[in-house]
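Asks:
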Amino acid sequence: MTALERIVTTSVVPLDFTYNYRVGPYLENYIQGLGRKKILGSKCPDCGKVVVPPRKVCGLCNAIMDAEGLVECGPEGTVDNFTVGHVAVVKGLIEKLDVPQVLAMVVLDGASVPLLAELKGVEPSAVARGMKVKAVFRDPTENDLSDLSHFEPV
Amino acid sequence: MQRKVAVVAQKQINSADVGMPRERMLYELVKSLYEEVGISRDDIDTFVLCSNDFNAGHTISNVFEDCPVGAYMKDETKVEADGVWAATYALARILSGLYETALVVGNSQGGSVMRPYLMMDYQLAPVYDRQLGLLNELSAAGLQAHAFLAKKGLTPDTLDEIAARNLADAAKNPDAFNGKAGASAADVAATDMLYEPLRKGHCYPFTDGACALLIASEEKAKKLTDRPAWIRGVGDSIDTYYPERDVVDVKSVKLAGERAAAMAGIGLKDLDLVELSAKFAHQEPILLEGLGLPADGGAASVSPSGGAFGAYAFNAAGLVRIAECFKQLTGSAGDTQVEGAGYALAHGQDGLCMQHNAVMIMSSEEG
Amino acid sequence: MIMSNVAIAGVGYTPVFVSKRKDVNIAEMISESVATALENTGLTPDDIDAVTFGNMQTFEGLNMPHLWSAEHILAVDKPTIRISTGGTTGMSTLQAAYYYVASGLYDIVMAVSWEKQSEGDSQVGLAGIVMPEAMVMVQHGLDLFGGGGLSAMGGGSTGAASFQAMSYLHHSGADPEHIDKMAALERSNAALNPYAHLRKKTSVEDIQATPFIAWPLRFGHTCPTSDGATTCIVMSEEKVRKMTDGNVAWITGLGSATSDPSTANFLEGQLTDPAEQEPARIASAKAYKMAGIKDPSRELDMAEMYNGFAHQSLMWLEKLGCCKEGEAHKLLDAGALNIDGEIPTNASGGVFSTNAIGASAMNRPAECALQIMGKIEGGHKIPKKIRKAVSHGWGGMFQYVTVMVLADEPMKS
Numbered sequence: 000m001t002a003l004e005r006i007v008t009t010s011v012v013p014l015d016f017t018y019n020y021r022v023g024p025y026l027e028n029y030i031q032g033l034g035r036k037k038i039l040g041s042k043c044p045d046c047g048k049v050v051v052p053p054r055k056v057c058g059l060c061n062a063i064m065d066a067e068g069l070v071e072c073g074p075e076g077t078v079d080n081f082t083v084g085h086v087a088v089v090k091g092l093i094e095k096l097d098v099p100q101v102l103a104m105v106v107l108d109g110a111s112v113p114l115l116a117e118l119k120g121v122e123p124s125a126v127a128r129g130m131k132v133k134a135v136f137r138d139p140t141e142n143d144l145s146d147l148s149h150f151e152p153v
Numbered sequence: 000m001q002r003k004v005a006v007v008a009q010k011q012i013n014s015a016d017v018g019m020p021r022e023r024m025l026y027e028l029v030k031s032l033y034e035e036v037g038i039s040r041d042d043i044d045t046f047v048l049c050s051n052d053f054n055a056g057h058t059i060s061n062v063f064e065d066c067p068v069g070a071y072m073k074d075e076t077k078v079e080a081d082g083v084w085a086a087t088y089a090l091a092r093i094l095s096g097l098y099e100t101a102l103v104v105g106n107s108q109g110g111s112v113m114r115p116y117l118m119m120d121y122q123l124a125p126v127y128d129r130q131l132g133l134l135n136e137l138s139a140a141g142l143q144a145h146a147f148l149a150k151k152g153l154t155p156d157t158l159d160e161i162a163a164r165n166l167a168d169a170a171k172n173p174d175a176f177n178g179k180a181g182a183s184a185a186d187v188a189a190t191d192m193l194y195e196p197l198r199k200g201h202c203y204p205f206t207d208g209a210c211a212l213l214i215a216s217e218e219k220a221k222k223l224t225d226r227p228a229w230i231r232g233v234g235d236s237i238d239t240y241y242p243e244r245d246v247v248d249v250k251s252v253k254l255a256g257e258r259a260a261a262m263a264g265i266g267l268k269d270l271d272l273v274e275l276s277a278k279f280a281h282q283e284p285i286l287l288e289g290l291g292l293p294a295d296g297g298a299a300s301v302s303p304s305g306g307a308f309g310a311y312a313f314n315a316a317g318l319v320r321i322a323e324c325f326k327q328l329t330g331s332a333g334d335t336q337v338e339g340a341g342y343a344l345a346h347g348q349d350g351l352c353m354q355h356n357a358v359m360i361m362s363s364e365e366g
Numbered sequence: 000m001i002m003s004n005v006a007i008a009g010v011g012y013t014p015v016f017v018s019k020r021k022d023v024n025i026a027e028m029i030s031e032s033v034a035t036a037l038e039n040t041g042l043t044p045d046d047i048d049a050v051t052f053g054n055m056q057t058f059e060g061l062n063m064p065h066l067w068s069a070e071h072i073l074a075v076d077k078p079t080i081r082i083s084t085g086g087t088t089g090m091s092t093l094q095a096a097y098y099y100v101a102s103g104l105y106d107i108v109m110a111v112s113w114e115k116q117s118e119g120d121s122q123v124g125l126a127g128i129v130m131p132e133a134m135v136m137v138q139h140g141l142d143l144f145g146g147g148g149l150s151a152m153g154g155g156s157t158g159a160a161s162f163q164a165m166s167y168l169h170h171s172g173a174d175p176e177h178i179d180k181m182a183a184l185e186r187s188n189a190a191l192n193p194y195a196h197l198r199k200k201t202s203v204e205d206i207q208a209t210p211f212i213a214w215p216l217r218f219g220h221t222c223p224t225s226d227g228a229t230t231c232i233v234m235s236e237e238k239v240r241k242m243t244d245g246n247v248a249w250i251t252g253l254g255s256a257t258s259d260p261s262t263a264n265f266l267e268g269q270l271t272d273p274a275e276q277e278p279a280r281i282a283s284a285k286a287y288k289m290a291g292i293k294d295p296s297r298e299l300d301m302a303e304m305y306n307g308f309a310h311q312s313l314m315w316l317e318k319l320g321c322c323k324e325g326e327a328h329k330l331l332d333a334g335a336l337n338i339d340g341e342i343p344t345n346a347s348g349g350v351f352s353t354n355a356i357g358a359s360a361m362n363r364p365a366e367c368a369l370q371i372m373g374k375i376e377g378g379h380k381i382p383k384k385i386r387k388a389v390s391h392g393w394g395g396m397f398q399y400v401t402v403m404v405l406a407d408e409p410m411k412s
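Going down the list, the sequences are from chains H, U and X. Per numbering that gives the first Met the number 0, residue 0 is the first one in the first sequence, and the count goes up by one each step. Per numbering that gives the first Met the number 0, residue 0 is the first one in the second sequence, and the count goes up by one each step. Per numbering that gives the first Met the number 0, residue 0 is the first one in the third sequence, and the count goes up by one each step.
#1: Cβ of proline 215 of chain X less than 8 Å from any chain H Cβ?
#2: What in chain H is Cβ-close to histidine 71 of chain X, meaning under 9 Å?
#3: Rounding to the nearest angstrom, what Cα-Cα distance links leucine 115 of chain H and glutamate 70 of chain X in this structure?
#4: Extract the residue ranges of the alpha helix (DSSP H) inside the stretch 200-266 of chain U, only unbroken runs of 4 or more that lie entirely within it.
#5: DSSP on tyrosine 194 of chain U, reduced to helix/strand/coil?
#6: Report the residue ranges of all beta strand (DSSP E) runs contained in full by the stretch 291-327 of chain U; include only those spanning at least 3 residues, in chain order.
#7: Counting pairs of beta carbons, one from the stretch 348-365 of chain X and one from the stretch 177-192 of chain X, are three or more of them closer than 8 Å?
#8: Does DSSP put serine 296 of chain X in a helix, a strand or coil?
#9: Answer yes or no: do asparagine 314 of chain U and asparagine 54 of chain U have a C-beta to C-beta separation smaller than 8 Å?
#10: Find the nearest neighbour of tyrosine 20 of chain H within the set U:Asp128, U:Val246, U:Ala280 and U:Tyr98, judged by alpha-carbon distance.
#11: Identify whether glutamate 117 of chain H lies in helix, strand or coil by the three-state DSSP scheme.
#12: For glycine 268 of chain X, which residues from the same chain have a beta carbon less than 6 Å from its beta carbon, with the 5 sequence-adjacent residues on both sides left out?
#13: How long is the line joining the alpha carbons of glycine 119 of chain X and methionine 2 of chain X, rounded to whole angstroms?
#14: If we count Cβ pairs, one from each stretch, closer than 8 Å, do we get three or more for the stretch 11-25 of chain X versus the stretch 223-235 of chain X?
#15: May I ask you to verify whether the stretch 297-308 of chain X touches the stretch 387-394 of chain X, counting CB pairs closer than 8 Å and requiring at least 3?
#16: What residues from the stretch 11-28 of chain X come within 8 Å of chain H, judged by C-beta to C-beta, listed N to C?
#17: With C-beta atoms as the reference, is threonine 257 of chain X less than 8 Å away from proline 273 of chain X?
#18: Hey, out of X:Ser312, X:Leu405, X:Trp249 and X:Pro343, whose CA is closest to proline 382 of chain X's CA?
#19: Looking at aspartate 16 of chain U and aspartate 207 of chain U, is the spacing between their C-beta atoms short of 8 Å?
#20: Check each candidate in X:Ile178, X:Lys180, X:Cys222 and X:Thr209 and name the one with the smallest Cα separation from leucine 197 of chain X.
#21: Are the stretch 78-98 of chain U and the stretch 133-146 of chain U touching by the rule of at least three beta carbon pairs closer than 8 Å?
#22: Is the CB-CB distance between tyrosine 29 of chain H and proline 44 of chain H below 8 Å?
#23: Quick one: what does DSSP say glycine 147 of chain X is sitting in, helix, strand or coil?
#24: Which class does glutamine 348 of chain U belong to by DSSP, given the choice of helix, strand or coil?
#25: Secondary structure at glycine 268 of chain X, three-state DSSP: helix, strand or coil?
#26: Can you check whether the C-beta of asparagine 28 of chain H is within less than 8 Å of a C-beta belonging to chain X?
#27: Compare the C-alpha of glutamate 341 of chain X against each of X:Ala160, X:Gly377, X:His379 and X:Asp300 and name the closest.
#28: Could you compute how far the alpha carbon of cysteine 352 of chain U sits from the alpha carbon of proline 293 of chain U?
#29: Verify the CB distance criterion: does phenylalanine 53 of chain U have a CB-CB separation below 8 Å to chain X?
#30: Quick one: is tryptophan 249 of chain X buried, meaning 16 or more other Cβ sit within 10 Å of its Cβ, or exposed?
#31: Quick check on this structure: which residue in U:Phe46, U:Leu212 and U:Val47 has the alpha carbon closest to the alpha carbon of alanine 322 of chain U?
#32: Return no unless some Cβ of chain X is closer than 8 Å to the Cβ of leucine 94 of chain U.
#33: Against glutamate 277 of chain X, what residues of chain U qualify as contacts under a CB-to-CB distance less than 9 Å, listed in chain order?
#34: Of all the CB atoms in chain H, is at least one closer than 8 Å to the CB of serine 304 of chain U?
#35: Quick one: is leucine 96 of chain H buried, meaning 16 or more other Cβ sit within 10 Å of its Cβ, or exposed?
#36: On a CA-only basis, which of X:Thr43, X:Ser312, X:Val404 and X:Ala358 is nearest alanine 62 of chain H? Give me that one, please.
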């Protein structure tokens, strides 16, 4: 195909809509748990896996988990995987960070699957798999997802 | 399969900034395909479009695609996924016996119109991941790359080498725009660090692009061309969204490959080439392992077109992989030609860390 | 040539279709219809070979929500495809399941469609169809809300539909009161349907007491926005024989067709009369031919039309050949469209009474299937035996139509 002439200039359309998402009973209970500085997961009645954050359906065995019978996990856990972010992605654009951000996949004690969270209080170069960490909550809590502020080394 | 079906023709446009609205891009693309094959829109029984409302910035993105591709007053539907799913659906439509020809057209303008990483953000769970803002396409890819290197005991040099090889291959492919002749691992290692170990040079290029494939039943294919490429098997599978899945040993890749191979009646080791949608360098070895192939592909050439590094337009990318297999199997791949290519596999993916994978196996012989 | 027969073996709705499902999130809501569909067919998740999935993603601001919902739609480790064609999405998703089975690639496919409109703004979502064009026009100083052929933007989708209603009345000879009458009939049908959203027995006077939005359309002529999901289980003939009691609804014909976007009267220099709807003729002719139906006005036992607005039920009956042009309002006056009439039309209450958009065009064939199987819950069960039914979807920018014909017997090979 031959190169085509440019026929238009661009027109920028900066649309930003607001949505109103219901969280459902599982995350509702999870968020209320965070407000009490507890991390709750749902336990699969069939395969026994405990997933954090809790949800309705176990993807491994298709069983329905109980929104009211959530189990407490953590607050300590183990780093399963991590990355050191030198950038942030803000509305789809890469922005450089002045201070690197460590993101860690933490398997909480009592949980079967990892939870993604920010890891603070440690030099990025010192982070390692298998590192023991503990949850740090906002104080006072505000019954919000962000009540689980970050993790730090035990 | 209850009928034989073949890819008859392909056309693609890939660019960092194509400089025209997508309607015009699609019109030019499809017109060139019709002219090359010597047909008109009257010869198309069904249109399977492949685009995405977010990527297009249009609710019901197919509305303004219908007329440019020639679907006016014709049978049409739209797949909102990577192009391999659209081609699979077109195959199903022809296999049903209700259609003899299908035109599959995928497009998006991630180079000049939309922001690909933002579109990926919109795929996140709205009640959790989007609220926290920790997960995005790059942080997820960084985590996957780190898990891969750790599990295999490899260093980031591996990623630099993969990216450099793909960029150099893409330079030989006139349909790719992002090739770099003589690209070296050192060049890639000098690019910005994003999320360790992921560097800018390990990532797919933002692309304006479109790809059209003409697919036809055996009878029709033989009338339209002397050199069709036969579709022998398809397979896809989706993994869990939540992080209990293994992002290094990816189950959906394995299942997709096995399903397609079983349908084709071949072993994946019989493949002469694979065209992979590895959006990030580490995904290439993960895909190869998932398909049961050695890290260098073994007997199979790995993405001789340059793969996703040469161009990666959302929705069109998987169709481009199929188009590259078509070029190889019909001996029209020019400088990237794999001599004697008989079996090829095209791959497409969706989701963070390749949550959803699809493959199509094609052959030069009718079988 | 049709290579194999394909049937709808079961349907699962969410327990209710309402304005706001505050008690569950999107994935949880969809999972309800999936679980019900499996329960109604006696299948387990392992029996499902593949999943087709669709909704209007911009309505909730979720890109490719099958990814996030994979667990909740029981899709993990299965082939899964996302289909989205606008208002027709539900039927397009079901058609994809049809083709997946008819192709021989899969034997049992689950088609999932939904919308949770309370979580976004549907008019913003719909405006998104032309948002880029509209923004460009605004930036160049054009007036979107008056004059110059652009006035359709003023009333949202109802404003645009008013042009269609006017044209339809002009060509058909129907009176505006026929729209009121059709609206009252469908609202009253919906009152009998436990899965309908607006469930209130309604009189013509009730409709006529509602304000005009854009003449001739009143508030009482328009559909609600709903939260809800629908799942259909689609099976090959072989599996129907092996895994069911044979009481299924066979998909005997299908089609889709498009026209040009100017149909919606948004762009200046309108080319196409929005009441012409040639795609409906093309798609239905194809579906009838496939189903062996020579005279739809005699052979069909019921119709489920996609009617965001009350005049459309009448219009589509004509466009789909269920009666001659200009006759639908006469059938209405004669009572032929009633639940116990000759061609019961939207016994369910239609999209006009229940509109979780992504699911709306799947509910049409789903209702036909349930009527054919005799499994309708509620008072809108059609008293006569249903052998052949036509269902219809409408969307895009007023220019995209899908049709599906269902029957109690498979086609003879």
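Here a beta-carbon is modelled for each residue, glycine too, at the ideal position from N, C-alpha and C.
Replies: Quick look at the numbers:
#1: No, because no Cβ of chain H sits closer than 8 Å to the Cβ of proline 215 of chain X.
#2: Under the 9 Å cutoff, chain H gives Arg54, Lys55, Val56 and Gly58.
#3: Each residue's Cα considered, the two are about 19 Å apart.
#4: Secondary structure in the stretch 200-266 of chain U: the alpha helix (DSSP H) runs of 4 residues or longer, each lying completely within the stretch, are 217-223 and 250-263 in chain order.
#5: Annotated three-state conformation of tyrosine 194 of chain U is strand, per DSSP.
#6: Entirely contained in the stretch 291-327 of chain U, not one beta strand (DSSP E) run reaches 3 residues.
#7: These segments touch.
#8: Helix, per DSSP.
#9: Their beta carbons are under 8 Å apart, which means asparagine 314 of chain U touches asparagine 54 of chain U by this criterion.
#10: A check of alpha carbon separations from tyrosine 20 of chain H across U:Asp128, U:Val246, U:Ala280 and U:Tyr98 identifies U:Asp128 as the nearest.
#11: Of the three classes helix, strand and coil, the one that applies to glutamate 117 of chain H here is strand, per DSSP.
#12: Only weak support exists for where glycine 268 of chain X lies, its pLDDT of 49 falling under 50; the coordinates are left without a value.
#13: Answer to the nearest angstrom: the Cα atoms are 42 Å apart.
#14: Per the Cβ contact rule, the stretch 11-25 of chain X is in contact with the stretch 223-235 of chain X (3 or more Cβ pairs under 8 Å).
#15: The stretch 297-308 of chain X makes contact with the stretch 387-394 of chain X; the number of CB pairs closer than 8 Å reaches 3 or more.
#16: Under the 8 Å Cβ criterion, the stretch 11-28 of chain X contributes Arg20, Lys21, Asp22, Val23, Asn24, Ile25, Ala26 and Glu27.
#17: Taking the C-beta atoms as reference points, proline 273 of chain X is found no nearer than 8 Å to threonine 257 of chain X.
#18: Of the candidates X:Ser312, X:Leu405, X:Trp249 and X:Pro343, the one whose C-alpha sits nearest the C-alpha of proline 382 of chain X is X:Pro343.
#19: Going by C-beta atoms, aspartate 207 of chain U is nearer than 8 Å to aspartate 16 of chain U.
#20: Among X:Ile178, X:Lys180, X:Cys222 and X:Thr209, the Cα nearest to that of leucine 197 of chain X belongs to X:Cys222.
#21: Counting Cβ pairs under 8 Å, fewer than three are found: no touch.
#22: Result no, Cβ atoms of tyrosine 29 of chain H and proline 44 of chain H do not sit closer than 8 Å.
#23: A caution first: glycine 147 of chain X carries a pLDDT of 48, below 50, which makes its placement in the model too unreliable to give a value.
#24: Assignment of glutamine 348 of chain U by DSSP, reduced to helix, strand and coil, places it in the strand class.
#25: Unreliable placement is indicated for glycine 268 of chain X, whose pLDDT of 49 sits below 50; the coordinate value is still reported in the next sentence. Three-state result, glycine 268 of chain X: coil.
#26: It does not: the Cβ of asparagine 28 of chain H has no partner Cβ on chain X nearer than 8 Å.
#27: Taking the Cα of glutamate 341 of chain X as reference, the smallest distance to any Cα among X:Ala160, X:Gly377, X:His379 and X:Asp300 is reached at X:Asp300.
#28: Each residue's Cα considered, the two are about 21 Å apart.
#29: For phenylalanine 53 of chain U, the answer is yes, since a Cβ of chain X falls inside 8 Å of its Cβ.
#30: The residue in question, tryptophan 249 of chain X, is buried, as its Cβ has 16 or more Cβ neighbours within 10 Å.
#31: Of the candidates U:Phe46, U:Leu212 and U:Val47, the one whose C-alpha sits nearest the C-alpha of alanine 322 of chain U is U:Leu212.
#32: With 8 Å as the cut-off, leucine 94 of chain U counts as an interface residue toward chain X.
#33: Under the 9 Å cutoff, chain U gives Met72.
#34: For serine 304 of chain U, the answer is no, since every Cβ of chain H falls outside 8 Å of its Cβ.
#35: Answer is exposed; the Cβ neighbour count stays below 16.
#36: Measuring from the Cα of alanine 62 of chain H, the nearest candidate turns out to be X:Thr43.
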